[in-house]
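Q:
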Amino acid sequence: MVNIKKRYVSILLISILVIAFFYHNYISSEFTMVSTAAFKKDSIKLNEEYYLGYSLKWEGIVKPTINYIELRMSDGTILSDNDKYLSVNVFIDESNNTGALKSESVAKYLPKYSNPENFRVKNNRITIVLNINRKKEDYMDVRKIMISYNLFGLEKKQTFDIYTIVP
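Okay, here's the thing in structure tokens:
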């Protein structure tokens, strides 16, 4: 009888430790933005492509899977795929080589870019790359990047303030 009680107590303690480990890692694990890039407004021409990289560091033991990345405009609305003022494609650069580049400078990196949907993070650092094409003069700037990711099968979201164009 004493042996059975010891076994139950041991199982209970181990279960509590495992749950505490997962809970701590879920709560404390997050991305941290370590570098940003931007262009001056007068250097961006209409209907030309530009690439901006935002480097993130993963702070956690277990690596997440990115579900999707959303971009928010300066008025808080989500940038749609058919926005008439601004076209933006999102990629992930695992080599972390993208800063602020014009389209002709990015050719050697482009094959290494990955789609962010269901992207499994392998390294502690990744760079979110925005491929921007300004279609019209009077546009709103992208101001936030929102990342949705899974950690231990649970969804988490993080939002970062950014500037793609500076005055």
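Residue numbers (our numbering): 11 to 177.
Backbone N, C-alpha and C fix where the C-beta goes; we use that ideal spot for every residue, glycine too.
The model shown is predicted, which means the values in this text are computed figures rather than measured ones.
According to DSSP, is L89 helix, strand or coil?
A: coil
Q: Take F101 and list the residues in its own chain whose beta-carbon comes closer than 6 Å to its own, dropping the five residues that flank it on each side.
A: Y123, V139
Q: Select from I14, G163, R130 the residue whose C-alpha is nearest the C-alpha of W68.
A: The option with the nearest alpha carbon to W68 is R130.
Q: Check A2 in the structure and name its three-state DSSP category.
A: No information on residue 2 is available, as it lies outside the stretch 11 to 177 that the chain covers here.
Q: What would DSSP say about N125, mapped onto helix, strand or coil?
A: Coil at N125, not helix or strand.
Q: Which whole-angstrom value is the C-beta distance of L56 and V152, which I expect to be below 8 Å?
A: With 8 Å as the limit, L56 and V152 do not qualify as a contact, their Cβ atoms being about 16 Å apart.
Q: Whole angstroms are fine: how far does the CA of E59 sit from the CA of M43?
A: 24 Å
Q: DSSP beta-bridge partners for T137?
A: S65, D103
Q: Distance, Cα to Cα, L96 vs K146?
A: 7 Å
Q: Alpha carbon to alpha carbon, how far is L89 from Y18? Give it in angstroms, no decimals.
A: 54 Å
Q: Going along the chain, which residues of its own chain have a beta-carbon closer than 7 Å to the beta-carbon of R144, five neighbours each way excluded?
A: These residues qualify, in order along the chain: I54, L56, L96.
Q: Assuming S38 and L161 form a contact by the criterion Cβ under 8 Å, report the distance between their Cβ atoms to the nearest whole angstrom.
A: Not confirmed; about 11 Å, so no contact.
Q: Could you tell me whether the Cβ atoms of E127 and Y78 are closer together than 8 Å?
A: yes
Q: Please tell me whether Y64 and I157 are closer than 8 Å, where the distance is taken between their beta carbons.
A: no
Q: Using 8 Å as the threshold, is the C-beta distance between V98 and N141 below it?
A: yes
Q: CB Y48 to CB A110, shorter than 8 Å?
A: One point to set straight first is that residue 48 is Ala, not Tyr, in the sequence displayed. Against a cut-off of 8 Å, the Cβ pair of A110 and A48 comes out as a contact.
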